[in-house]
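K.L.:
Before we start, here is the structure in question, set down as structure tokens.
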Amino acid sequence: MRITISKENYLKAIAEAQAEGELVIAATLARWLDVSPPAVTMATRRLKRDGLIEVAKDGHITLTSSGREIAERLIRRHYLIERMLTEVFGMEWYKVHEEAEQMEHAVSADFEARLAEKLGDEKACPHGFALGLESKEDRHRRGLIAMHELPVKRLAIVVSVFERDRGLLEYLDSLGIRPGAMFEMLAHNADQTLSLLVNGRHVPLGHGAAEKVWITVLPSLESPSPLGVPQPVRL
Ligand SMILES: [Zn+2]
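Dropping the structure here:
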């Protein structure tokens, strides 16, 4: 089924906003896609007519199974393009999202298959996300926490960074905060900012930015793990 780029963007936005834990109503889409409320009204009417979304009486928007299929295809192409741009062409990790937003609509099924064959679908995208959408709960379930949740004096490694804010990505990159980077939490300050130690540098970071960075905590050297407790010797 061929649909317009605009419709594809709506379907993907619904899937992504939902995964980020947002209640998806017209206003959510207007903000997410940076379009006017009347434009959203018109688009949702068409998507509903095409059987791609459902709109509940309270305005809550969900994808039908065919709507979800299209969104997931785009998300997979987006993921493959981002990886192609960084892994094959060496493009900076903070630039590839916007590039992929354009290119994902132009990829044929044939090219998608070639990309998947070349790159595989094991590795994370340059922002640290595996293939497919993951909710905040899913991330917590696999042991990740958001950066602002890290206790003081603990070390952690950056796993993923929310990709839809280019300014934030560039800013974090300039501070050395990118997937794979190690840092230490020095302080949670009274003004809601954090003080981090990154590459030997003291780095202040606002709460809003830290919320968008997901990390894995390294084991503490000070408090021994249960495995480190001496076991009684059995004779
Ligand atoms: Zn992206």
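Under our numbering, the residue at position 186 of the sequence shown is numbered 168, and the numbers go up by one with no gaps. The beta-carbon is built from N, C-alpha and C at its ideal position, and this holds for glycine as well.
Any heavy atom of ligand 1 closer than 7 Å to the Cβ of H122?
P.N.:
No, Cβ of H122 sits at least 7 Å from all heavy atoms of ligand 1.
K.L.:
Given that a residue counts as buried once 16 or more other Cβ atoms are within 10 Å of its Cβ, and exposed if not, what is E69?
P.N.:
Its Cβ having fewer than 16 others within 10 Å, E69 is exposed.
K.L.:
Which runs of the beta strand (DSSP E) fall wholly inside the segment 52 to 140 and span at least 3 residues, in chain order?
P.N.:
DSSP runs (the beta strand (DSSP E)) wholly in the segment 52 to 140: none.
K.L.:
Who are the Cβ neighbours of G210 in its own chain at under 6 Å, not counting the five residues just before and after it?
P.N.:
Because the pLDDT of G210 is 48, which lies under 50, any placement of that residue in the model is unreliable, and the number read from its coordinates should be weighed accordingly. Around G210: no qualifying Cβ.
K.L.:
Can you say whether P214 is buried or exposed, counting buried as having 16 or more other CB atoms within 10 angstroms of its CB?
P.N.:
Here the model assigns P214 a pLDDT of 48, short of 50, so the residue's position is not dependable, and the following value carries that caveat. So P214 ends up on the exposed side.
K.L.:
Tell me whether V134 is buried or exposed, calling it buried when 16 or more other Cβ atoms sit within 10 Å of its Cβ.
P.N.:
The residue in question, V134, is exposed, as its Cβ has fewer than 16 Cβ neighbours within 10 Å.
K.L.:
How is the alpha helix (DSSP H) around R27 delimited, first residue to last?
P.N.:
Per DSSP, R27 belongs to the alpha helix (DSSP H) from P19 to R31.
K.L.:
Confirm, please, whether the CB-CB distance from V141 to T198 is below 8 Å.
P.N.:
It is a contact, given that the beta carbons lie within the stated cut-off.
K.L.:
Between H79 and ligand 1, is the CB less than 7 Å from at least one heavy atom?
P.N.:
Within the cutoff, so yes.
K.L.:
Along the chain, where does the beta strand (DSSP E) that runs through S177 open and close?
P.N.:
Its beta strand (DSSP E) spans residues L176 to V180.
K.L.:
What's the gap between the Cα of L157 and the Cα of A112?
P.N.:
The alpha-carbon atoms of L157 and A112 are separated by roughly 24 Å.
K.L.:
Taking 7 Å as the cut-off, does the CB of H189 come closer than this to any heavy atom belonging to ligand 1?
P.N.:
Result no, Cβ not under 7 Å from ligand 1.
K.L.:
In chain order, what residues of the same chain lie with their CB nearer than 8 Å to the CB of I(-4), ignoring the 5 residues before and after it?
P.N.:
Cβ within range, chain order: V6, L11, I35, I43, T44, L45, G49 and A53.
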